[in-house]
Amino acid sequence: MKEPKTFEAALAELEKVVHDLEDGDAGLEQSLARYEQGVALLRRCYEQLRKVEQRIVELTGKDEAGNPVLKPFEHSSAVKQEE
522 MKEPKTFEAA LAELEKVVHD LEDGDAGLEQ SLARYEQGVA LLRRCYEQLR KVEQRIVELT
582 GKDEAGNPVL KPFEHSSAVK QEE
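Take any residue in the sequence shown, note its place counting from 1, add 521, and you have its number in this note's numbering.
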């Protein structure tokens, strides 16, 4: 299996694996192989999310106790506001 380059590609492939397993059309060996692929993809997605979360903490800073400073996400520029 070729490793997906992006988080979105890994997530899409994971969704395909889940769909294939839910179909139940594959044999035991093929299902086990797809399950193993799914676990690897899930771990990859979690690791990418952990890295992004760490980067956000680095960008927003930490307080005196070393806890991340939490700031609400401002998405007004991405969402058209209604008048």
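In this text, a Cβ means the ideal position worked out from N, Cα and C, and glycines have one as well.
Every value quoted in this text rests on a predicted model; they were computed, and no experiment measured them.
query, result
"Rounded separation between T527 and C566 - CA only", "9 Å"
"Integer-rounded CB distance, given that V590 should sit under 8 Å from G582", "5 Å"
"Outcome for A531 when other beta-carbon atoms lying within 10 angstroms are tallied against a minimum of 16", "buried"
"Contacts around G559, its chain only, beta-carbon distance under 8 Å, and the 5 residues preceding and following it disregarded", "L535, V538, V539 and L542"
"Per-residue burial, L553 [other beta carbons within 10 Å of its own, 16 or more giving buried]", "exposed"
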